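Numbering (the numbering used here), first residue to last: 11 to 473.
Positions of the beta carbon are idealized from the N, C-alpha and C atoms, including for glycine.
All of these numbers come straight from a predicted model, not from anything done at the bench.
One structure below.
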Amino acid sequence: MNTIIQQFQENIMSEVKKEVEKVFLQGESDISQLIHTVDKNLKDLGRDIIKYVLEESDTVIKDSLERKIDWVVHKKDAKKSLITEFGQVDYKRTYYKSKSSKGYTYLVDDQFGIERYQRIDKGLSAKIVELSREHSYQKSADLAVKSVKLSRQTVKNKIRELGEIDNKDINKNEKKKSIKRLYVEADEDHIALQNGKNTIVKLVYIQEGKKITNNRTKLKNTHYFSGLYKDTEELWLEVIDYINDNYELDEIETIYLAGDGATWIMEGLNWLPKSRYVLDRYHLNKYVIQATGHMPDMRPELWHGINECDFDYVKKVFQEIMSYTEKDTKKEAIKESYKYILSHWGGIEIYSKDPYVLGCSAEGHVSHVLSNRMSSRPMGWSKKGADQMARLRAFKYNGGTRKKLYQILNRKKEIQKLNIKTQKILERSKGKKPLYPEAKETMPALQRGKVDGIFSAIKSLAF
């Protein structure tokens, strides 16, 4: 270990000296090049340290008495490559055969949680997934680690390993809140599929009202849900579960559900107790414009009737617009607008009857949370990929961190290990040889051998 540090000191000082000489003697370098040089050397040191720890740990295990009781050496110096944030780490380790019925394994890999066919460190996997929330798969691969070329398929595979993120369990309150009013807003984003068709990604978010911070109006404690949700009931079940887990339902007087009136949004009224529907005025405005596009002078009249909640006046304005319209196609557009306003009159009227109603900002949230990644650029999604990315985007805006992604990835692996262990037990009961060795909680071999320097730290972590 001391040799590695000494070599690093010699190399980095030599490289730094060269860059400084370029500045003062040749004027060819700058601070950016110096930073690049230091960064490269630090990554080289990181790879050397990881290689050293793994190979020296393998030696400690091989020399220990505890290992010799249960395992015999089957093959020495088996090569393994692991891609990390430092780059690719190549190391050698020992392959063992169990004296009993535990099969074959690499004990040092087991100790450090490195799986049989694992190519990429789990921390780097979490970083790759985190980057994919903002960038294309290939750009995420390029940004994750610069010294190793990863493919877009690698990023896709890591997202698939993550599985389906359950956003209702993110940032769960330790104690249920007591509030009188809760606001639920919903909208959708239209995305292109790889088969040339389109589909919608649903977005629902919960918030507790508005607050002013630094002269800017913001929503309080916003929590997001997003995905394809072929079964709409699944979405609303997640929403109501989250509300029930985080708020005292009995103390909520009203839940305001705001949206454009789509069928899947209106379904929420059947799931949310004490709920009242609020029409999103952004979409209302689209239909007002559609009805008055050829007669803009009538637009203020129509808005006057809507804002006063005077349906007779609104009806009269529509009749007047129709009387001055000649084209049949335009008449159909006017009828569509009239039908939309009529069918959502309750969601319009509530603005003047309930002082606690807030304007709906779902369109902006769709743009920010979904469109920026999923539909603003020319790309085609698979349904599985679109659903996972939508959930990842919601996860991000719910405050999901890389650490949390790592925990989810690790939990998925632990579930896989449990399934393998269960299968092994079943096979053993039938008298078959197990496919994989049993998982080892700790490695007693590290109790003996070299325990100075860095291995004191390794020992403390192992037990």
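The C-beta distance from G278 to V194 rounds to 7 Å, short enough to fall under 8 Å. N382 has its alpha-carbon roughly 11 Å from the corresponding atom of G374.
Unbroken alpha helix (DSSP H) stretches of 4 residues or longer found wholly inside the segment 35-104: 41-73, 75-80, given in chain order.
Annotation for D197: the continuous beta strand (DSSP E) segment containing it runs 191-202. CA-to-CA, the gap between N205 and D397 works out to about 16 Å. Beta bridge pairing from DSSP links L279 with no other residue. DSSP places Y361 within a helical segment (H, G or I) once states are collapsed to three. The secondary-structure analysis by DSSP pairs A268 across a beta bridge with E195, V288. Excluding the 5 residues flanking it on each side, L229 has same chain C-beta neighbours closer than 7 Å at Q217, K220, in chain order. Of all alpha-carbon atoms in S392, L419, M384, the one lying nearest the alpha-carbon of S146 is that of M384. Beyond the five residues adjoining it in sequence on each side, V298 comes within less than 6 Å, by CB distance, of L312 in the same chain, given in chain order. Judged by their CB atoms, G390 and A151 are not nearer to each other than the 7 Å cut-off. With a threshold of 16 other beta carbon atoms within 10 Å, Y127 falls short and is exposed. From the listed residues Y292, S362, K212, L415, the smallest Cα separation to V379 is found for K212. One Cα belongs to I15, the other to L52, and the distance between them is close to 11 Å. Ranked by Cα distance from D73, the options V118, K112, Q98, T47 are led by V118. With contact defined as three or more Cβ pairs closer than 8 Å, the segment 92-103 and the segment 129-143 are in contact. In the structure shown, V249 falls within a helical segment according to DSSP collapsed to helix, strand and coil. According to the DSSP secondary-structure assignment, W391 is paired through a beta bridge with L203. Rounded to the nearest whole angstrom, the CA to CA distance from W274 to E263 is 24 Å.
Annotation: Y334 is outside any beta strand (DSSP E) and is labelled neither H nor E by DSSP. Partner residues in the beta bridge of K221, as assigned by DSSP, are K228. Pairing T232 with Y215 gives a Cβ-Cβ distance under 7 Å.
F321 is not a Cβ neighbour of Y348, given a cutoff of 7 Å. By the Cβ test, the segment 358-365 is in contact with the segment 286-296, since at least three Cβ pairs between them sit closer than 8 Å.
Segment contact: the segment 97-105 against the segment 55-64, three or more CB-CB distances shorter than 8 Å; contact assigned. Non-local beta-carbon contacts of L419 in its own chain, meaning distances under 7 Å to residues more than five positions away in sequence, involve K132, S135, A136, E171, L172 in chain order. Listed in chain order, the alpha helix (DSSP H) elements of length 4 or more contained wholly in the segment 132-194 are 132-142, 147-154, 162-172. Within the same chain, no residue comes within 6 Å of S377 by CB-CB distance, once the 5 residues on both sides are set aside.
I169 and S236 have their C-alpha atoms spaced approximately 16 Å apart. In this structure K182 touches N256 by the C-beta definition: roughly 7 Å separates them, less than 8 Å.
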